Amino acid sequence: MGEQLFYFLIYPGMLFAGVVGGLIAWVDRKVTARVQFRQGPPVLQPFYDFLKLLLVKETVLPKRGSAIFFLLAPVLGLFGATAAALLVLLPALGITAGFQGDIIVLFYLLAIPSLMFVIGAMASGNPLSAVGASREIKLILSYELTFMLVVAGVILKSGQTLHMDQIMMMQQSQGAFIGSVSGVLLFIAALFAIQGKAGLVPFDLAEAETEIAEGAFMEYSGTAFAIIKYTKYILLFILPVFVAEIFLGGLTFTGIHILWSILKIVLVLVLMILIRNTNPRVKISQAMRFFLLWMNLLVIAGLVLHYLGL
Amino acid sequence: MSKQKIIPIGPYHPLQEEPEYFKLYCEGENVVDIEWETGYNHRGIEKLAEEKTFEQVFFLVERICGICSTSHPFAFANCMEEIGKVEIPDRAKYIRSIIGELERLHSHLLWVGLAGHFLGYDTVFMWAWKYREPVLDLFEIISGNRNSYAMFTIGGVRRDIEKSKFPKIREELEGLKKKIDLLTGAVMDDPVIHARTKGVGVMTREDIIDYAAVGPTARASGVEIDVRRDDPYAAYDLVDWKVITSPEGDVFAKAKVRLLEMYESVKIIEQCLDKMEKLEEGNIQTKVWEIPEGIGMGHAEAPRGEVFHFVKTDGSNSPVRHKIRAPSYVNIATFKKSCVGQTISDAAISLAAVDPCYCCTERMAVAYDSSTGKRILSGDELIKHSQARTRELKKNML
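Note that the protein sequences, when read in sequence, are chains A and B. The opening residue of the first sequence carries number 1095 in the working numbering; numbering runs sequentially from there. The opening residue of the second sequence carries number 324 in the working numbering; numbering runs sequentially from there.
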């Protein structure tokens, strides 16, 4: 029991994933700043932001909303993200092997933070938050199907194992999944799906600052907003790790492999930051069409190619 | 079954920097009606102008707008020169045009950046504003100020542009052209920008004429109006340039018109510099000793459209009445046409596409009873009214 709690709260769970996620958030902000001719923040800026919100700022509760759901949603979102972080990181760090079917559980756990953001926004009673929430729901409906098909494709490619650890082992013995045409197609779809999950441009509609003024997160302040920020740091860390695990030949953290593993994560991250900085925000109807039509077609093409042995 | 709700943009909102309030009546994400309120920012400039001398009014009207800070002095100078029947030296004409066009360059670059920001494309925002810096540097070289250049006066300009500064100006303009190329490419060839802006906020030619819209807003709907050509002032009839129009009337067309206008501005400045080289240095102002009694109207093409000034004088050294109409006054009204029927995302960019400037447009309204001619709703009454309203709102909130 004590061991599990340690996994969940400290390493590789809440604390570790959040700290690494904070550093990744700094990389994101620094690279974005350099692309835009700006200086960018110091390394610890994401933590300053987090600690200021957590310790200094006052938490204002909405008068007309439901305070319980409003405060509970970020906490549940954080637990969901942490549980997902465990399933992603435990096999990668070689601590435990996970269990049969953990990739399915992971798929559900990764959906929890977004759903909780929707519930929190709905509970705030603000009309702009309601618009943000409705956009987030539509976005979830669109990218989750793509994401599920991608996971299904990975399961097919690994000879129908539902075990993260075995999927990674298989890639280490037979070559990474991205090494085939179908793998490339699935990888592209996965990249856009996690862009949507992380709420980065072009899929940052739920918080679109210049349209609905932070939308879903508008009413959050203080500790509750600090928890949301922390959840986002964790997501920004585990989503690239997850994609690196299922497509780029898995991750191992022993000897020289550490360098390779970090490079793989950075590669996915750089792709995400590039997409973020070279696109305007899309409209919700365009985002839905993009995922429901084009990305799903892409994944299905990938699955067909897999059956043809490509 | 869908219920109408009000999505507020303003009075303070990240979309626009100035206080203004748009009520978007929405069904789901669709905007079914729009109302706008200004009046958060009354500054009393017209009244203030009546207490200043003509020389001082130039500095006052320059501060109406921080972005198009030359267009107001430009229109005011045209106005005063009409009353005094003053002919200004050629060199002053060229300098006026150079300042006016440099201002158009920096204002359009500013808009391209802001439009990028409104679309969530912050890279374009930062790049456009970075490229705007050389234009401000040029202003610093020419006038000593990066904003509010204090160049205009009755009968000419206050500072000459010496020959020694020409090479630097030409060099910066060359550099600027490459940067505009890059920005134009980034906007015109990006499929996602096309998807976000084409067919959005469409204003037809008829709508523009109905709403009497001006400037790039009108030219993007194929209405070919431009004060610089229709009623030439300064040096605009002495140089070769063309009015850019585009027939589509959507946000993309507005962006296109502005981007292409920047090339025309560079062209005008280069020609002005060429012609100035042949003129004698220092002859920049016709001395004006007296302004007779009379009324004058002056307009100028600001980056956002026609700026209009009306001045009545009585032979003294300050205006009796000074009326100012900024382009946003007519352009803002087009929102009723361009935003209704769009989604919130589209409405936001449609609002920004006319490049509205609220501080130029803000006016105080005075209500008179039409039958008795008496002023109603005085200051005290309004305060009482607002207190009653606040009490009512508070009661509803609890």
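From the three backbone atoms N, C-alpha and C, an ideal C-beta is built for every residue, glycine too. All values derive from a computational prediction rather than experimental measurement.
Under 8 angstroms by Cβ, that's how I've got residue i and residue j pegged, so tell me the actual separation to the nearest angstrom.
i, j, result
"residue 406 of chain B", "residue 657 of chain B", "That belief does not hold up - the Cβ atoms of residue 406 of chain B and residue 657 of chain B are roughly 33 angstroms apart, past 8 angstroms."
"residue 391 of chain B", "residue 698 of chain B", "Contact doesn't hold; Cβ gap of about 33 angstroms is too wide."
"residue 402 of chain B", "residue 620 of chain B", "6 angstroms"
"residue 1159 of chain A", "residue 1217 of chain A", "5 angstroms"
"residue 1107 of chain A", "residue 1141 of chain A", "That pair is no contact at about 18 angstroms."
"residue 476 of chain B", "residue 640 of chain B", "Going by Cβ atoms, the distance from residue 476 of chain B to residue 640 of chain B rounds to 14 angstroms, so no, they are not a contact pair."
"residue 1298 of chain A", "residue 443 of chain B", "6 angstroms"
"residue 1101 of chain A", "residue 1209 of chain A", "Contact flag wrong, Cβ pair sits at about 24 angstroms."
"residue 524 of chain B", "residue 573 of chain B", "6 angstroms"
"residue 577 of chain B", "residue 676 of chain B", "5 angstroms"
"residue 462 of chain B", "residue 455 of chain B", "About 11 angstroms; that fails the 8 angstroms criterion."
"residue 1295 of chain A", "residue 1373 of chain A", "6 angstroms"
"residue 1365 of chain A", "residue 1285 of chain A", "6 angstroms"
"residue 1205 of chain A", "residue 1238 of chain A", "6 angstroms"
"residue 1289 of chain A", "residue 1359 of chain A", "Not quite, the Cβ-Cβ distance comes to about 15 angstroms (not below 8 angstroms), so this is no contact."
"residue 347 of chain B", "residue 368 of chain B", "With 8 angstroms as the limit, residue 347 of chain B and residue 368 of chain B do not qualify as a contact, their Cβ atoms being about 30 angstroms apart."
Against residue i, what residues of chain B qualify as contacts under a CB-to-CB distance less than 7 angstroms, listed in chain order?
i, result
"residue 1129 of chain A", "446"
Using DSSP bridges, identify the partner residues of residue i.
i, result
"residue 356 of chain B", "B:348"
"residue 1215 of chain A", "For residue 1215 of chain A, which the question treats as bridged, DSSP gives no partner whatsoever."
"residue 691 of chain B", "B:698"
"residue 648 of chain B", "B:631"
"residue 328 of chain B", "B:349"
"residue 594 of chain B", "Looking at the DSSP assignment, residue 594 of chain B forms no beta bridge with any residue, so it has no partner."
"residue 624 of chain B", "B:629"
"residue 617 of chain B", "B:636"
"residue 339 of chain B", "B:336"
"residue 376 of chain B", "According to DSSP, residue 376 of chain B bridges with nothing at all."
"residue 608 of chain B", "B:479"
"residue 666 of chain B", "B:353"
Which residues of chain A have a Cβ atom closer than 9 angstroms to the Cβ of residue i, listed in chain order?
i, result
"residue 519 of chain B", "1374, 1375, 1376, 1377 and 1380"
"residue 443 of chain B", "1295, 1296, 1298, 1299, 1302, 1303, 1304, 1305, 1373, 1374, 1375 and 1376"
"residue 503 of chain B", "Going along chain A, no residue has its Cβ under 9 angstroms from residue 503 of chain B, so there is no contact; the nearest lies around 17 angstroms."
Could you tell me which chain A residues have their CB closer than 7 angstroms to the CB of residue i, listed as they occur along the chain?
i, result
"residue 453 of chain B", "1131"
"residue 449 of chain B", "1130, 1131 and 1132"
"residue 328 of chain B", "1221"
"residue 378 of chain B", "Simply none; closest approach about 40 angstroms."
"residue 336 of chain B", "1307"
Which bits of chain B does residue i rub up against, with CB to CB less than 9 angstroms?
i, result
"residue 1364 of chain A", "Those do not exist, as residue 1364 of chain A stays about 15 angstroms from chain B at its closest Cβ, beyond 9 angstroms."
Anything in chain A within Cβ reach of residue i, meaning under 8 angstroms, just list it in chain order.
i, result
"residue 515 of chain B", "1296, 1373, 1374 and 1376"
Would you say residue i touches the ligand FMN, meaning its beta carbon is less than 7 angstroms from a heavy atom?
i, result
"residue 1134 of chain A", "Absence of the ligand FMN from the depicted structure is noted, as is the absence of any ligand whatsoever, leaving it without description."
### Task
Go through the stretch 1239 to 1320 of chain A residue by residue and report every complete run of the alpha helix (DSSP H) that reaches 4 residues or more, in order.
Correct list: 1258 to 1268, 1275 to 1292 and 1303 to 1306.
### Query
For the stretch 1284 to 1310 of chain A, which residues have a beta carbon sitting closer than 7 angstroms to at least one beta carbon of chain B?
Correct list: 1295, 1296, 1298, 1302, 1303, 1304, 1305, 1306 and 1307.
### Task
Go through the stretch 441 to 510 of chain B residue by residue and report every complete run of the alpha helix (DSSP H) that reaches 4 residues or more, in order.
Listed in chain order, the complete alpha helix (DSSP H) runs (minimum 4 residues) inside the stretch 441 to 510 of chain B are 445 to 466.
### Query
Of the residues that make up the stretch 1215 to 1249 of chain A, which ones have a beta carbon closer than 9 angstroms to any beta carbon in chain B?
From the stretch 1215 to 1249 of chain A, only 1221, 1222, 1224, 1225, 1228 and 1229 have a Cβ closer than 9 angstroms to chain B.
### Task
Note down, one range per segment and in chain order, each alpha helix (DSSP H) of at least 4 residues found wholly within the stretch 1113 to 1179 of chain A.
Annotation: the stretch 1113 to 1179 of chain A contains the following complete segments of the alpha helix (DSSP H) (minimum length 4 residues), in chain order: 1139 to 1145.
### Task
Could you list the residues in the stretch 651 to 671 of chain B with a C-beta less than 8 angstroms from some C-beta on chain A, going in chain order?
From the stretch 651 to 671 of chain B, only 666, 667, 668, 669 and 671 have a Cβ closer than 8 angstroms to chain A.
#### Entry: Residues in the stretch 349 to 381 of chain B having any Cβ partner in chain A nearer than 9 angstroms
With the criterion set as a beta carbon lying under 9 angstroms from some beta carbon of chain A, the members of the stretch 349 to 381 of chain B are 349, 351 and 352, in sequence order.
### Task
Determine which residues of the stretch 422 to 440 of chain B have a Cβ less than 8 angstroms from any Cβ of chain A, and write them out in chain order.
For the stretch 422 to 440 of chain B, which is checked against every Cβ of chain A, the residues closer than 8 angstroms are 439 and 440.
### Task
Jot down the residue ranges of each uninterrupted alpha helix (DSSP H) in the stretch 529 to 574 of chain B, minimum 4 residues, whole runs only, in chain order.
With a minimum length of 4 residues, the continuous alpha helix (DSSP H) runs that stay inside the stretch 529 to 574 of chain B are 539 to 542 and 550 to 553.
#### Entry: Minimum length 3: unbroken beta strand (DSSP E) runs contained in the stretch 375 to 427 of chain B
The stretch 375 to 427 of chain B contains no whole beta strand (DSSP E) run of 3 or more residues.
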